[in-house]
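Q:
Number of protein chains: 2
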Amino acid sequence: MEKREEAKEVVEDEEQVVNPWEVSAKDGGKIDYDKLIDKFGCQRLDDSLIQRVQRLTNRPAHVFLRRGVFFAHRDFSDILDAYEKGQKFYLYTGRGPSSEALHLGHLIPFMFTKYLQDAFKVPLVIQLTDDEKCMWKNLSVEESQRLARENAKDIIACGFDVSKTFIFSDFDYVGGAFYKNMVKVAKCVTYNKVVGIFGFTGEDHIGKVSFPPVQDPYFRMTRDVAPRIGYHKPALIESSFFPALQGENGKMSASDPNSAIYVTDSAKEITNKINRYAFSGGQDSIELHRKYGANLEVDIPFKYLGFFLDDDAELERIREEYGSGRMLTGEVKKRLTEVLTDLVERHRRARALVTDEMVDAFMAVRPLPNMFN
Amino acid sequence: MEKREEAKEVVEDEEQVVNPWEVSAKDGGKIDYDKLIDKFGCQRLDDSLIQRVQRLTNRPAHVFLRRGVFFAHRDFSDILDAYEKGQKFYLYTGRGPSSEALHLGHLIPFMFTKYLQDAFKVPLVIQLTDDEKCMWKNLSVEESQRLARENAKDIIACGFDVSKTFIFSDFDYVGGAFYKNMVKVAKCVTYNKVVGIFGFTGEDHIGKVSFPPVQDPYFRMTRDVAPRIGYHKPALIESSFFPALQGENGKMSASDPNSAIYVTDSAKEITNKINRYAFSGGQDSIELHRKYGANLEVDIPFKYLGFFLDDDAELERIREEYGSGRMLTGEVKKRLTEVLTDLVERHRRARALVTDEMVDAFMAVRPLPNMFN
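Going line by line, the protein sequences match chains A and B.
Residue numbering for the first sequence follows this note's numbering, starting at 1 and increasing by one per position.
Residue numbering for the second sequence follows this note's numbering, starting at 1001 and increasing by one per position.
(1) Can you check which of these residues, A:D32, A:F171, A:S280, is closest to F325 (chain A) by C-alpha distance?
(2) Give, in chain order, every residue of the stretch 1222 to 1255 of chain B whose Cβ lies closer than 7 angstroms to some Cβ of chain A.
(3) With 9 angstroms set as the bound, which would you pick, yes or no: does the beta-carbon of V981 (chain B) sit closer than that to a beta-carbon of chain A?
(4) Is the beta carbon of V1183 (chain B) less than 9 angstroms from the beta carbon of D131 (chain A)?
(5) For D1224 (chain B) and H1205 (chain B), I'd like the C-alpha separation in whole angstroms.
(6) Kindly say whether D1204 (chain B), judged by its beta-carbon, lies nearer than 9 angstroms to any beta-carbon of chain A.
(7) Under 8 angstroms Cβ-Cβ, which residues of chain B neighbour T341 (chain A)?
(8) Below 8 angstroms, how does it come out for the stretch 354 to 362 of chain A and the stretch 314 to 331 of chain A: are there three or more Cβ pairs, yes or no?
(9) Between the C-alpha atoms of R276 (chain A) and N258 (chain A), what's the straight-line distance to the nearest angstrom?
(10) With distance defined between alpha-carbon atoms, name the residue in B:F1166, B:Y1115, B:E1143, B:T1057 nearest to P1123 (chain B).
(11) Quick check on DSSP: helix, strand or coil for I167 (chain A)?
(12) Per DSSP, which one or two residues make a beta bridge with L1288 (chain B)?
(13) In the stretch 79 to 107 of chain A, which residue ranges form an unbroken beta strand (DSSP E) of at least 3 residues, counting only runs that do not cross its ends?
(14) Against chain A, which members of the stretch 1133 to 1153 of chain B pass a CB distance test of less than 7 angstroms?
(15) Anything in the stretch 155 to 185 of chain A with a Cβ closer than 7 angstroms to a Cβ of chain B? List those residues in chain order, please.
(16) For a contact meaning CB atoms closer than 9 angstroms, what does F200 (chain A) contact in chain B?
(17) Note down, in chain order, each residue of its chain lying with its Cβ closer than 6 angstroms to the Cβ of Y115 (chain A), except the 5 sequence neighbours on either side.
(18) Starting from Q1246 (chain B), trace the beta strand (DSSP E) in both directions and tell me its first and last residue.
(19) Taking 9 angstroms as the threshold (C-beta atoms), are A1186 (chain B) and G199 (chain A) in contact?
(20) Since I believe F112 (chain A) is in contact with F160 (chain A) (beta carbons under 8 angstroms), could you give me their beta-carbon distance rounded to a whole number of angstroms?
(21) Which value, in whole angstroms, describes the spacing of the CA atoms of G1250 (chain B) and P1243 (chain B)?
(22) If I measure Cβ to Cβ from L1104 (chain B) and keep anything under 6 angstroms in the same chain, skipping five residues before and after, which residues do I get?
(23) Just the chain B side, please: which residues come within less than 7 angstroms of D131 (chain A) by C-beta, in chain order?
(24) Could you run through the stretch 108 to 126 of chain A and flag, in chain order, every residue whose CB is less than 9 angstroms away from some CB of chain B?
(25) Using three-state DSSP, classify K3 (chain A) as helix, strand or coil.
(26) With DSSP collapsed to three states, give me the class of R1074 (chain B).
(27) Pick from A:V195, A:D46, A:S98, A:K273: whose alpha carbon is nearest that of N138 (chain A)?
(28) With 16 as the cutoff for other CB atoms within 10 Å, does E1248 (chain B) come out buried or exposed?
(29) Put Y1262 (chain B) into one of helix, strand or coil per three-state DSSP.
(30) Short of 9 angstroms Cβ to Cβ, which residues in the stretch 1061 to 1091 of chain B face chain A?
(31) Determine whether the Cβ of V1365 (chain B) lies closer than 9 angstroms to any Cβ atom of chain A.
(32) Using alpha carbons as the reference points, say which of A:F64, A:R74, A:D32 lies closest to H232 (chain A).
(33) I1126 (chain B) and I1079 (chain B) - do their beta-carbons sit closer together than 9 angstroms?
(34) Helix, strand or coil for L65 (chain A), going by three-state DSSP, please let me know.
(35) Within 10 angstroms of the Cβ of L1288 (chain B), are there 16 or more other Cβ atoms? Answer buried if so, exposed if not.
(36) Using a beta-carbon distance below 9 angstroms, is D360 (chain A) in contact with chain B?
Written out as structure tokens, the structure is:
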């Protein structure tokens, strides 16, 4: 099962661009997720499926499921069938470690994966593609590996179960069965094919051209190739994009620290970023706001609460009050500041407890005798 | 130091084609080695250099040096300088294991490498590119690895010193520092560049496109890239092509067992192949032969003796006698049969003594404390 990464492949038409390196809608509009589902040929993760997850796992669906953050899938129902029959499966996700600190958008797949691991009690493999970042971001091998280890600490801080979780760095782990698999996959994929999927040019270096077989997240390719070399297709769960503070059409970018809230931000920085940069759907004056209410479709504080405020009832109340103009942007921002300060503070405390020995334990190549218990 | 493989890169003009997969001269002519040296920008391995090798190693130059089988080099004199100063260097060669049994052409670089190891007393690394053959020949991973191990036995039978020699299979050994290096190299080489060097098309799979960083023998590329990632350029020694039995313009091909003599051929097969298939430069009748003598430029039995008959005086005598018509093709073929039967029989005996434990010993990832002794 996988998240987010599927949509990393290429959809480009006159209205929106979604590829591994860029997400944008035309004319400041929003990403049309129905169109994405249509273009990518995946299925909506609809209410009946969510109900089935709740029944099978005997616990409430995660807020990211209830609120449609994870909105689409491929073959997820096959996984639920397997689970129902007591068949084994495992979770896979990954991260390209290009930055020192994660922002909230980076945390989302790991928070959700933690829920999936707890709910289904299954093994989890987390791939850190330090080789990818070395090649795409022009980092040195050593710096990419250092970032992979730093990011592993943030990931471990999300609370994964070490008896069921294997985290690896490509630079450390490529070889053996992994390398044999890379060769098998590479044989199935022509240059023209990767140009079609990823848009490489002749001036791209051959590291990029040959990278897709290294990284599972190139899922449309993987789903094409897997059956040809005797494996199951991976089932996928796909999330919507987490917006920048500046709005749906902004970009969370390491070069603009004010575009995102990082897990290393202080309470003061979080307050400041939300107050100064979070795009508001509120009206220009209190009078107009009281009259028309906030435009929740574009309001970032409300959207962020949709991701991170657990309490459904409170979120509904804010939707009502803010949308009708009875609640002001300042109040919503204040609530979001509380929620995110709390989230980041909890993450920071958890991360501070992650020792080098714990990183070694998660990354050790080892038997996992209890991985399905 | 390297052999043979340099010329595996691409030279194509109106008169001859030399690339990693094809060697041919126009109109049945011979490969023009002066032109190759010129095109590839390497240096002739001339007599003064050979004299220097003899002086430094205090032993006669190998027959392959004396007879110009290894005819060109890059920076070999730098290696001799290093040797003279007591600086360390090592030998590297390899083989793509695509066939069960080696033929005589395959043995040449290993016979010469054995001489170099003995003469300079240096470590040797032998790369078996089973991944390459898996991708190019469409062999399975398992079959490629099996062939690598079989070929390793033939290589070990050439007499290498296990305390100074490391043989590895890519499928087993890619990973760690090797993989990091592959990524560093890949970053330096664009798709357009490999198309220029190797002639890939868009329909080639990305395994081929990305393979050059795995294998050192793509030496012009390696010599371009090595200094950019902080390494010495490899020095190279290049051999001429070993001709097929059918003549300079024939091909030694696994699909035509009569095109080459294999180390698995019986004495009877060797006799038969030489008598029936070895292209003769002798004249059509004894009378004409006595009158004009053999054309040694195209005569395969004489060429093969140039590779494998150790005795310089005897070779000179045959050149005289056969070239002047006093000696007949049948006599030369008989002498070649003796030489090759002896060579193959010695190889077979040596190979029979190579146990699985010896293969394991050569291929073990291990310290080599005496590698420079």
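Glycine residues also receive a C-beta, built at the ideal position from the N, C-alpha and C atoms.
A: In this structure, then:
(1) Here residue 325 (chain A) is Gly; the residue named in the question, Phe, does not match the sequence. When only C-alpha atoms are compared, the closest one is A:S280.
(2) Within the stretch 1222 to 1255 of chain B, no residue has a Cβ that lies closer than 7 angstroms to any Cβ of chain A.
(3) Because chain B in this structure spans residues 1001 to 1373, residue 981 (chain B) falls outside the shown range and cannot be described.
(4) For the 9 angstroms CB-CB criterion, V1183 (chain B) and D131 (chain A) form a contact.
(5) About 24 angstroms.
(6) Chain A contact via Cβ: present.
(7) T341 (chain A) does not reach chain B, its nearest Cβ partner there being about 40 angstroms away, counting only Cβ pairs nearer than 8 angstroms.
(8) Pairwise C-beta distances place the stretch 354 to 362 of chain A out of contact with the stretch 314 to 331 of chain A, as fewer than three of them are shorter than 8 angstroms.
(9) Straight-line Cα distance between these residues: approximately 9 angstroms.
(10) For P1123 (chain B), the closest alpha carbon among the candidates B:F1166, B:Y1115, B:E1143, B:T1057 is that of B:F1166.
(11) Strand at I167 (chain A).
(12) Partner(s): none; L1288 (chain B) has no beta bridge.
(13) Counting only runs of 3 or more residues that sit fully inside the stretch 79 to 107 of chain A, the beta strand (DSSP E) segments are 91 to 95, in chain order.
(14) Residues passing the 7 angstroms Cβ filter: C1134, M1135, V1141.
(15) Look at the stretch 155 to 185 of chain A: the residues with a C-beta under 7 angstroms from a C-beta of chain B are F171, V174, G175, G176, Y179, K180, V183, K184.
(16) The answer, in chain order, is Y1191.
(17) Around Y115 (chain A): H62.
(18) Unbroken run through Q1246 (chain B): none, as it is neither H nor E.
(19) No; because the gap between Cβ atoms is not below 9 angstroms, this pair is not in contact.
(20) Rounded, the Cβ-Cβ distance is 12 angstroms, inconsistent with contact.
(21) C-alpha separation (whole angstroms): 7 angstroms.
(22) Excluding the 5 residues flanking it on each side, L1104 (chain B) has same chain C-beta neighbours closer than 6 angstroms at I1261, in chain order.
(23) What D131 (chain A) touches in chain B, judged by beta-carbon distance under 7 angstroms, is V1183, going in chain order.
(24) Listed in sequence order: no entries.
(25) Low local confidence applies: a pLDDT of 35 at K3 (chain A) is under 50, so the model's placement there is unreliable, and no value is given.
(26) In the displayed model, R1074 (chain B) falls within a strand according to three-state DSSP.
(27) Nearest Cα to N138 (chain A) within the set A:V195, A:D46, A:S98, A:K273: A:S98.
(28) By the neighbour-count rule (16 or more Cβ atoms within 10 Å), E1248 (chain B) is buried.
(29) Of the three classes helix, strand and coil, the one that applies to Y1262 (chain B) here is strand, per DSSP.
(30) Under the 9 angstroms Cβ criterion, the stretch 1061 to 1091 of chain B contributes no residue.
(31) Look at V1365 (chain B): its C-beta is not under 9 angstroms from any C-beta on chain A.
(32) When only C-alpha atoms are compared, the closest one is A:R74.
(33) No, Cβ-Cβ distance for I1079 (chain B) and I1126 (chain B) is not below 9 angstroms.
(34) Three-state result, L65 (chain A): helix.
(35) Per the 10 Å Cβ criterion, exposed.
(36) The Cβ of D360 (chain A) sits no closer than 9 angstroms to any Cβ of chain B.
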